[in-house]
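See below for the structure under consideration.
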Amino acid sequence: MTFLAAGTATMAQSQTQNLDEIAKGYVGTETCATCHEDESLVWEESHHALAWTEATEENVLGNFDGAEFVHEGVATRFDREGQAFVIHVTEEDGSKKRFEVHSVAGIAPLQQYLIETEPGKLQSFDVVWDVEREEWYHLYPDQHLPPDDGLHWTGPYKNWNARCAECHATGFRKNYDSVSQSYASDQVEIGVGCEACHGPGRDHVEWAENGAKEDGQGSYFSMNFAEAGAEGEIQQCAGCHSRREAQLDGNPLPGTPYHDAYALSLLRPGMYHPDGQIRDEVYVYGSFLQSKMYEKGVQCSNCHDPHSVQLKAEGNAVCTQCHSPAGNPEFTSLTQKDYDTADHHFHPEGSEGAQCKSCHMIERDYMGIDGRRDHSFRIPRPDLAAASGSPDACTDCHDDRSPEWAAEEIAAWYPDSVHRGSHYGTVFAKGFADPVSARSELVSLATSEGEASIVRATALWLLEAAADEDLAETLAPLLSHPDPLIRSAAIRPQSGANPQESVLRLVELLGDPVRLVRTETVKSLLSAPVARFPEAIASNFQRAMGEWRESLSNRTDFPETHLVLGGAALGMRNLPAATEAFRTVVQLDPQREDAWSMLVRIKAAEGDMAGALSVVTEARSKLPESEFLLQMEQELKELQ
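Counting from 4, one number per residue, gives the positions in the sequence shown under this note's numbering.
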């Protein structure tokens, strides 16, 4: 469509040339290992090294000796044919298909097998191998997913190139062609190698071969951990360990600031519970940003060895590195006391309840069996259950008891606790249901310097629904906040301001040093009542517009992207372009009710009621149980 195509061809060519030049600087993990033997040895067995491997006898752990698995009428058989690992699928209609395993994702607690369904296009098969139980299981055991469902293993949400490969490879580029709808993806190496974190190593190798001294070696990498500090390290890890929307094509160069490469998912319903506890698979960064540990400067490598990716100590010992009578001189605000005792945790020594992680890092299973721990390191708050609807660590284990019981127990243990006051979880619970009624509390959160930035940004996101001139004025100072997460989130509530006033407040952000802020600004200014910007502002506007177009062009294989494009086209009253975008959505994922409804509304807006009825009938053939589409169909029939 015109909106996306304008200016992107030259931009894409320039980006490809830059990435090609960068790619020349990679030397590969084997080269690094010739000098860094100790690091290499522990890395070789790590989940990073084994994140993506070739389908060899050594790497494939699943039973491919004729094992069979049946789910929802679909029969799968796993065989060996010479050196190839083969998957035979018999669909519900009796049709048979044969697929060779292309490569392997992961090592524990499960392995997933990748299939090349078209040249260059890899899909993640949904029947996966449980490494511990040594058995096959289905990722969606309670769902019936026909081949035209977007969540079927052949669908867009299970595409490896688009959804997974970036964090399982080194120097990855997706290289998707939206015209041919094909992939020509490439990477320096599969698996997360040395240069995935440190950056291209050519200059470092040349420095070492020239007999340089030890000092200064990090300066030859794009990511210098010695100089980056805690925040730089966290942002580098967060590139993969976060729920986010990528802005670039494949791996950004290591060392790229997080908010120049990604748009972080906030504490939204479905992803997080109202109090910020993990719900969906959100990985780590969004949780960690809520924690006191992040606030005090704790970084990933304080707890995790960066090469083995294992904890630096066993059990509670990883926590008592700091939380002990001796404390830790790096974190002087710590209370020096014995936490690893029944006087603190009130559970039998050595029991599951005596483990720090049981109370402060709840675990949730994803992909059926993959336990992930919440990194917000929160104090259990069962007293919030009634108001927030969020779970608590106590009744996670004591599932035969109530949150009220747990709250009473904790109150008896800690009668003088200062951790029983107000919490953003109760505000978000109210705000998720009705942000207008929660407006004053959300404003308090958004403007509180005592709250974590991701909490404040989430409050600002909710406040867009309650925006008016007074609210826009109240929140305007946050447009210059030092944290880009808050600056970017403060943009949307300005939609409530007088249009001229909104433009005056936002145009300066077109030149913001952070890409996330620039692109959020340009989106908000698309419908600005301005005939022409002054030259300097116009230049910034075009730059930010180009960056937004680039980010969208990198994700044209996502149904979600075409929803955004359709919305942008509607904002510019370009109904043909909007129709094209929403049609692409339902082509990629026929289960997108929101896109179908927009196609119906566009036909109705054009005065084509017969066409609208035809579209809703087509939509109902894909979503026969949708009450919303049924209601639309009935209303349209009444208008005939």
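All residues carry an ideal CB built from backbone N, CA and C; glycine is no exception. Only a predicted model underlies this, so the values are computations on that prediction, with no experimental measurement involved.
Q | For R376, the residue or residues it bridges with in DSSP | A | E366
Q | Supposed contact pair R586 and L602 - C-beta distance, whole angstroms, cut 8 angstroms | A | 7 angstroms
(Q) Comparing C-alpha positions only, which one of A468, A479, I193 sits nearest to H50? (A) I193
Q. Cα-Cα, which of L474, G65, H147 is closest to E137?
A. G65
Q | At least three beta-carbon pairs within less than 8 angstroms, the stretch 381 to 398 to the stretch 411 to 426 | A | yes
Q. Taking the continuous alpha helix (DSSP H) assigned at A249, which residues delimit it?
A. Taken as a continuous stretch (DSSP letters only), A249 belongs to no alpha helix (DSSP H), being part of the beta strand (DSSP E) at 247 to 249.
Q: Pick out whichever of S556, Q190, A534, G392 has its Cα sitting closest to the Cα of A584.
A: S556
Q: Please list the segments of the alpha helix (DSSP H) lying wholly inside the stretch 518 to 570, counting only runs of 4 or more residues, in order along the chain.
A: 518 to 527, 538 to 556
Q. Counting along the chain, where does the alpha helix (DSSP H) carrying S456 start and finish?
A. 456 to 466
Q.
Is the separation between the beta-carbon of C400 and that of C359 shorter than 9 angstroms?
A. no
Q: Measure the alpha-carbon distance for P516 versus S225 and round it to whole angstroms.
A: 19 angstroms
Q: Under 8 angstroms by Cβ, that's how I've got H171 and A108 pegged, so tell me the actual separation to the nearest angstrom.
A: 6 angstroms
**Q.** Inter-residue CB distance, L448 and R459 (contact presumed, cutoff 8 angstroms)
**A.** 6 angstroms
Q) For the alpha helix (DSSP H) that contains E583, what are its first and last residues? A) 578 to 591
Q: With a cut-off of 8 angstroms on the beta carbons, I'd call Q302 and G279 a contact; round off their distance for me.
A: Between G279 and Q302 the Cβ distance is about 20 angstroms, and since that is not below 8 angstroms, they are no contact.
Q: Could you say which of P532, R495, P485, G499 lies nearest to D471 if we only look at CA atoms?
A: G499
Q. Short check: CB of P559 to CB of S181, under 9 angstroms?
A. Reading the sequence as shown, one finds Thr at residue 559 and not Pro. The answer is yes: Cβ separation under 9 angstroms.
Q: Please confirm whether E169 and G253 have their CB atoms less than 9 angstroms apart.
A: yes
Q: Check S600 in the structure and name its three-state DSSP category.
A: helix
Q: Please state whether DSSP places A12 in a helix, a strand or coil.
A: Low per-residue confidence applies at A12: pLDDT is 44, beneath 50, and the placement is therefore not dependable, though the value from the model is reported in the following sentence. Note: A12 maps to helix in three-state DSSP.
**Q.** Unbroken beta strand (DSSP E) run spanning E60, endpoints
**A.** It is not in any beta strand (DSSP E) - E60 carries neither H nor E in the DSSP assignment.
Q) Do the stretch 335 to 346 and the stretch 367 to 378 touch if we need at least three Cβ pairs shorter than 8 angstroms? A) no
Q | For S17, the three-state DSSP class (helix, strand or coil) | A | Since pLDDT at S17 reaches only 46, below the 50 mark, its modelled position is unreliable, and no value is offered.
Q | Collapsed DSSP secondary structure at S294 in the structure displayed | A | coil
Q | Cβ contact check for the stretch 259 to 273 and the stretch 504 to 524: 3 or more pairs under 8 angstroms | A | yes
(Q) Counting C-beta neighbours from all protein chains within 10 Å, is the total for L642 16 or more, i.e. buried, or is it exposed? (A) exposed
Q. Roughly how many angstroms separate the alpha carbons of L633 and S600, rounded to a whole number?
A. 11 angstroms
(Q) Can you find the residues in the same chain that come closer than 7 angstroms, C-beta to C-beta, to V619, ignoring five residues on each side of it along the sequence? (A) V603, L632, M635, E636, L639
(Q) Quick check on K27: does DSSP put it in helix, strand or coil? (A) coil
Q | Cβ pair count under 8 angstroms reaching 3, the stretch 39 to 58 against the stretch 184 to 203 | A | yes
Q) Pairing CB atoms from the stretch 243 to 259 with CB atoms from the stretch 198 to 214, are three or more of them under 8 angstroms? A) yes
Q) Under 8 angstroms from any heavy atom of the ligand FAD, does the C-beta of S624 make it? A) Annotation note on the ligand FAD: not contained in the displayed structure, which lists no ligands.
Q. Between the C-alpha atoms of G123 and A70, what's the straight-line distance to the nearest angstrom?
A. 28 angstroms
Q | Contact set for G656: own chain, Cβ-Cβ below 6 angstroms, skip 5 residues either direction | A | Look at the range of the chain in this structure, 4 to 643, and you will see that residue 656 is not part of it.
Q: Have a look at the DSSP bridge pairing and note the partners of F72.
A: T79
Q) Which residues share a DSSP beta bridge with T683? A) The structure shown does not extend to residue 683, since the chain is modelled only from 4 through 643, so no value can be given for it.
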